[in-house]
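>
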Amino acid sequence: MSHLTDPGFFDPAADPHLPSAPAYGFGRCPDCAAGRCRPEKGSRRLFTGLLGAAALSPALSGTAWAREGVEVGGPSKLTKLVPAEQVEQAGAQQYQQMMREAANQRALLPNNHPQLIRLREIAKRIIPQSEPWNARAKQWRWEVNAIVSPQLNAFCMPGGKIAFYYGILEKLKLSDDEVAAIMGHEVAHALREHARERMAKTAATRLGANVLSSLLGLGNVGDTLLNMGSQLLTLTFSREDESEADLVGLELAARAGYDPSAGISLWEKMGKVSKGAPPQWLSTHPAGPTRIRDIQANLPKVEGLYARADKPAQRFEVAPPLQMRPAS
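Per the numbering used here: the sequence shown = residues 1309 to 1636.
#1: Out of curiosity, what's the CA-to-CA distance linking Glu1478 and Lys1385?
#2: Suppose you measure from the CA of Gly1488 to the CA of Val1495; what does that come to, to the nearest Å?
#3: How many angstroms separate the CA atom of Ala1431 from the CA atom of Ser1569?
#4: Take the Cβ of Gln1402 as the centre, count every other Cβ of all protein chains shown within 10 Å, and call the residue buried at 16 or more, exposed below.
#5: On the DSSP bridge list, what partners appear for Met1465?
#6: Using a Cβ-Cβ cut-off of 6 Å (strictly less than) and excluding sequence neighbours within five positions of Trp1448, which residues of its own chain qualify?
#7: Does the ligand GDP have even one heavy atom less than 6 Å from the beta-carbon of Ser1384?
#8: To the nearest angstrom, how far is the alpha carbon of Ala1415 from that of Val1452?
#9: How would you write the range of the alpha helix (DSSP H) that Asp1487 sits in, first residue to last?
#10: Residues in the same chain with beta-carbon distance under 8 Å from Arg1444, minus the five sequence neighbours each way, listed in chain order, please.
#11: Compute the beta-carbon to beta-carbon distance between Val1263 and Leu1558, rounded to the nearest angstrom, for a pair I have assumed lies under 8 Å.
#12: When the distance is taken between beta carbons, is Ala1553 closer than 7 Å to Tyr1614?
#13: Tell me the DSSP secondary structure of Gln1413 in three-state form.
#14: Name the DSSP bridge partner or partners of Ala1621?
#15: Would DSSP call Val1395 helix, strand or coil?
#16: Would you check if the distance between the CB atom of Ala1454 and the CB atom of Leu1424 is smaller than 7 Å?
#17: Here's a check: name, in chain order, each residue in its chain whose Cβ is nearer than 6 Å to the Cβ of Ile1490, leaving out the five neighbours to either side.
#18: Assign Asn1442 to buried or exposed, taking buried as 16 or more other Cβ atoms, counted over all protein chains shown, within 10 Å of its Cβ.
#19: Find the nearest neighbour of Lys1388 within the set Glu1625, His1502, Arg1599, judged by alpha-carbon distance.
#20: The alpha helix (DSSP H) spanning Ile1600 covers which residue range?
#21: Report the three-state DSSP secondary structure of Gln1459 (helix, strand or coil).
#22: Between the Cα of Gly1612 and those of Arg1433, Leu1560, Pro1440, Ser1438, spot the shortest distance and give me the residue it belongs to.
#23: Which of the three DSSP states is assigned to Glu1376 in this structure?
#24: According to DSSP, is Ala1627 helix, strand or coil?
#25: For the alpha helix (DSSP H) holding Tyr1474, just list the boundary residues, first then last.
#26: Write down the C-beta distance between Tyr1473 and Leu1630 rounded to the nearest angstrom, noting that I regard them as a contact closer than 8 Å.
#27: For Asp1618, is the classification buried or exposed, using 16 other Cβ atoms within 10 angstroms of its Cβ as the cut-off for buried?
#28: What number of angstroms, rounded off, separates the C-alpha of Gly1565 from the C-alpha of Pro1436?
#29: According to DSSP, is Ala1553 helix, strand or coil?
#30: DSSP three-state call for Val1390: helix, strand or coil?
#31: Pull the bridge partners of Trp1453 from the DSSP assignment, please.
#32: If we call anything under 7 Å between Cβ atoms a contact, is Asp1567 one with Asp1485?
Following this line, the structure appears as structure tokens:
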């Protein structure tokens, strides 16, 4: 969809009214920036105890997969407690609303913009690597858009709805490999269904059994989707989720033919941008040095995948500054 009359121009008056990135994307909790948040390692046991040992498949226990690549736990038991279809439908509705709002502000890159073409080409290589991590990904109607804003943001909503904010491309001068690292990370959140898991926890621990029944299909579907859409904009991931997304994203990028070591340079750039005070989109992520060490430790697990992967035939230039439209 072409929403900018003049490609490459940005209306600064529109930016304050742009839709905010969901909190689970690159919008983050300030408590984590201050070191007050901790991974909720015991929360899964608390939740299953609260519901009373639901009859779930033993295949969904937290054992690691026997496969080549990174090692993460199996899918969470919690995801079975909230229908995937409803979470994905809510994600699609929320995404379309955000894109409409951005379009109304003339703040979506047009289809022919080189940076949107770049994002979609990178996505074309990453998306085929998704199915082993989530069989439903084959059914998803993937979308990739770019919002014209100086914000440092990117996200992937449930169901494969991806958006990058132009600021993260331009200000960090991202290479294709670094874009793939970010995209892989955000796609990993969707594949691992972290939002679905967090919504189930919220339903049980904060909203009670009535809301949980609604999420399980016993209430009004329209109200349920509206409630889910609101949650998608406010829920946040734990650092445990973020670390898992880092590893899965590392493998997705490597299998797609992008240098997984770019994650190191990416986090070095992010550290420089933060200048000692993590920006909003970093606050629930593990600290930069910790992430770099984790990436370095896991590189040997994906270097063989990268070596065997088909490499991109085309490389794109870094995002240039957008020309600012003179205020009228």
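We treat Cβ as the ideally placed atom computed from N, Cα and C, and that holds for glycine.
Computed from a predicted structure; not experimentally measured.
Quick look at the numbers:
#1: As a working mapping, residue 1478 is identified with position 170 in the sequence shown. As a working mapping, residue 1385 is identified with position 77 in the sequence shown. Those two C-alpha atoms are separated by around 39 Å.
#2: Position 180 of the sequence shown holds residue 1488. Position 187 of the sequence shown holds residue 1495. Before going further, note that residue 1488 is Ala rather than Gly in the sequence given. Distance between the alpha carbons of Ala1488 and Val1495 is about 10 Å.
#3: To locate residue 1431, count along the sequence shown from 1; it is residue 123. To locate residue 1569, count along the sequence shown from 1; it is residue 261. About 18 Å.
#4: Within the sequence shown, numbered from 1, the residue matching residue 1402 stands at position 94. Gln1402 should be labelled buried.
#5: Position 157 of the sequence shown, counted from the first residue, corresponds to residue 1465. According to DSSP, Met1465 bridges with Lys1469.
#6: On the sequence shown, residue 1448 is found 140 positions in, with the first residue counted as 1. Same-chain partners within the cutoff: Gly1467, Gly1468.
#7: Among the components of this structure there are no ligands whatsoever, and the ligand GDP is therefore not found.
#8: Numbered from its first residue, the sequence shown carries residue 1415 at position 107. Numbered from its first residue, the sequence shown carries residue 1452 at position 144. Answer to the nearest angstrom: the Cα atoms are 14 Å apart.
#9: Position 179 of the sequence shown, counted from the first residue, corresponds to residue 1487. Looking at the sequence provided, one finds Val at residue 1487 rather than Asp. Per DSSP, Val1487 belongs to the alpha helix (DSSP H) from 1484 to 1499.
#10: In the sequence shown, counting from the first residue as 1, residue 1444 sits at position 136. So the list reads Ala1392, Glu1396, once near-sequence residues are dropped.
#11: Since the first and last residues shown for the chain are 1309 and 1636, residue 1263 lies out of range.
#12: Looking up residue 1614 in the sequence shown gives position 306. Looking up residue 1553 in the sequence shown gives position 245. It is not a contact, given that the beta carbons lie outside the stated cut-off.
#13: Reading the sequence shown from its first residue, position 105 is the one you call residue 1413. Coil, per DSSP.
#14: Walking along the sequence shown from the start, residue 1621 turns up at place 313. According to DSSP, Ala1621 bridges with nothing at all.
#15: Locating residue 1395 in the sequence shown gives position 87, counting from the first residue. Here Val1395 sits in helix by DSSP.
#16: Within the sequence shown, numbered from 1, the residue matching residue 1454 stands at position 146. Within the sequence shown, numbered from 1, the residue matching residue 1424 stands at position 116. Yes, Cβ-Cβ distance for Ala1454 and Leu1424 is below 7 Å.
#17: Sequence index remark: in the sequence shown, residue 1490 carries index 182 (1-based). Excluding positions up to five away in sequence, the list reads Ala1462.
#18: Here the question's residue 1442 lines up with position 134 in the sequence shown. When all chains shown are included, Asn1442 counts as buried.
#19: Locating residue 1388 in the sequence shown gives position 80, counting from the first residue. Of Glu1625, His1502, Arg1599, the residue nearest in Cα terms is His1502.
#20: Counted from its first residue, the sequence shown places residue 1600 at position 292. Looking at the DSSP string, the run of the alpha helix (DSSP H) that includes Ile1600 is 1596 to 1616.
#21: Residue 1459 sits at position 151 when you count from the first residue of the sequence shown. Coil.
#22: On the sequence shown, residue 1612 is found 304 positions in, with the first residue counted as 1. For the residues Arg1433, Leu1560, Pro1440, Ser1438, the minimum Cα distance to Gly1612 belongs to Leu1560.
#23: Along the sequence shown, read from residue 1 onward, the residue named residue 1376 stands at position 68. Glu1376 falls in the coil class under three-state DSSP.
#24: Mapped onto the sequence shown, residue 1627 falls at position 319. Ala1627 falls in the coil class under three-state DSSP.
#25: Counted from its first residue, the sequence shown places residue 1474 at position 166. Where Tyr1474 is concerned, the enclosing alpha helix (DSSP H) stretches over 1474 to 1479.
#26: For the purposes of this step, residue 1473 is taken as residue 165 along the sequence shown, with counting starting at 1. For the purposes of this step, residue 1630 is taken as residue 322 along the sequence shown, with counting starting at 1. 12 Å between Cβ atoms; not a contact.
#27: What you label residue 1618 is simply residue 310 of the sequence shown in a count that begins at 1. So Asp1618 ends up on the exposed side.
#28: Counted from its first residue, the sequence shown places residue 1565 at position 257. Counted from its first residue, the sequence shown places residue 1436 at position 128. The straight-line gap from Cα to Cα measures roughly 12 Å.
#29: Within the sequence shown, residue 1553 is the residue found at index 245, counting from 1. Ala1553 falls in the helix class under three-state DSSP.
#30: Position 82 of the sequence shown holds residue 1390. Three-state DSSP puts Val1390 in coil, outside helix and strand.
#31: Translated into positions along the sequence shown, residue 1453 becomes position 145. Rather than Trp, the amino acid found at residue 1453 in this sequence is Asn. Bridge partners of Asn1453: Ala1471.
#32: Translated into positions along the sequence shown, residue 1567 becomes position 259. Translated into positions along the sequence shown, residue 1485 becomes position 177. Yes, the Cβ-Cβ distance between Asp1567 and Asp1485 is below 7 Å.
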